[in-house]
Amino acid sequence: MKDSVHLRAVRSSDIAQLATIMFDTWYAQDSQEATVQQRELLHSMALFDVAHYCETSTHAMVAVDDDPHIPDMDILGVAMWRNDTDWEQGINQKDVVSNDLNAIAKLRSSSAQFNLMMEEFEADAARTLELAEAAAQSSGAELRLFMIAQHARGLGVGKRLLGSAESSMRLSGAQRYYLYTDSECDYSFYDHRGMTRATQALQVPGPGGKIVDKYIYMQNL
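Printed below as a string of structure tokens:
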């Protein structure tokens with residue numbers, strides 16, 4: 001990894017770039033045949049995803065490349081996680097994304113189509129919570145979001161971010177953690193690290209009704 005790459009806490013000014021990475025990773029394919037308005041709504045969903053994961057995490061860390069030869073700071077990846085003991089003490093990242101959440105709330109109240117997309121997200125989130133219930137009860141932390149920019153994959157960024165998250169989890173007293181992923185994601189990284197696939201639900205509705213395979217992974221610390 002380059003010497004100019006380092007980890008730091010997520011800032012409010014990072015959210016727009018993180019939303020772009022989210023869009024490129026999970027929404028770009030769905031937007032190929034979308035209208036301009038639909039594409040804008042998908043961008044808003046990507047923004048909501050990042051803000052939601054951030055507000056429900058106790059810690060959020062980005063890997064950045066501040067090489068002076070790059071015109072703008074380059075975010076290479078992000079990890080957001082919740083340590084249960086920290087959460088119980090009222091620690092969260094909501095202040096980082098308060099403006100974004102307010103903007104999303106306004107859009108939801110003014111756009112019936114976006115409100116429907118949000119309702120579909122909430123229904124899918126409820127199904128995922130049910131799938132993860134057993135893992136949540138036996139874990140002390142959850143990896144909420146783990147995302148690497150396409151141009152930074154294979155450079156060791158993910159390993160470094162996950163290592164930082166796991167160190168924080170250990171310090172909080174957690175003995176294991178869990179995460180959710182599905183067939184829309186490249187989950188081979190978790191298999192490669194020897195994580196245990198604790199629960200799965202195959203060929204079930206995901207966000208927007210798309211049929212996916214859902215997985216809950218667990219890892220001892």
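1 is the number of the first residue of the sequence shown in full-length UniProt numbering; add one for each residue after it. All residues carry an ideal CB built from backbone N, CA and C; glycine is no exception.
The alpha helix (DSSP H) with residue i in it runs from where to where?
| i | result |
| --- | --- |
| Gln38 | 36-55 |
| His192 | 188-192 |
| Asp84 | 84-88 |
Which first and last residues belong to the beta strand (DSSP E) in which residue i is found?
| i | result |
| --- | --- |
| Ile211 | 211-220 |
| Ile148 | 141-148 |
| Trp26 | Careful: Trp26 lies outside any beta strand (DSSP E) and carries neither H nor E. |
| Met117 | No beta strand (DSSP E) holds Met117; the alpha helix (DSSP H) holding it covers 112-137. |
| Asp66 | Run containing Asp66: none; DSSP gives neither H nor E here. |
Could you have a look at residue i and say whether DSSP puts it in helix, strand or coil?
| i | result |
| --- | --- |
| Ala174 | coil |
| Arg8 | strand |
| Gln203 | strand |
| Ile15 | helix |
| Gly77 | strand |
| Asp95 | helix |
| Leu101 | helix |
| Thr20 | helix |
| Arg197 | strand |
| Leu161 | helix |
Taking all protein chains shown into account, do 16 or more other C-beta atoms lie within 10 angstroms of the C-beta of residue i, making it buried, or fewer, making it exposed?
| i | result |
| --- | --- |
| Arg82 | buried |
| Glu55 | buried |
| Arg11 | exposed |
Closer than 7 Å by C-beta to residue i: which residues in its own chain qualify, once you throw out the five before and the five after it? Chain order, please.
| i | result |
| --- | --- |
| Lys94 | Glu55 |
| Met147 | Ile21, Met22, Thr25, Gly77, Val78 |
| Arg197 | Tyr215, Tyr217 |
Using C-beta distances below 8 Å, list every residue in its chain close to residue i, excluding the 5 sequence neighbours before and after it, in chain order.
| i | result |
| --- | --- |
| Pro207 | Glu120, Phe121, Asp124 |
Closer than 6 Å by C-beta to residue i: which residues in its own chain qualify, once you throw out the five before and the five after it? Chain order, please.
| i | result |
| --- | --- |
| Gln200 | Tyr215 |
Should the segment 29-46 be called in touch with the segment 107-116, which here means at least 3 C-beta pairs below 8 Å?
-> yes
Evaluate contact between the segment 43-62 and the segment 22-29, counting only Cβ atoms and requiring at least three cross-stretch pairs below 8 Å.
-> yes
Spell out a yes or no on whether the segment 136-144 and the segment 175-190 are touching, meaning 3 or more CB-CB pairs, one atom from each, closer than 8 Å.
-> yes
Is the segment 151-165 close to the segment 75-93, with three or more CB pairs under 8 Å?
-> yes
Does the segment 199-219 come close enough to the segment 122-135 to have 3 or more Cβ pairs within less than 8 Å?
-> yes
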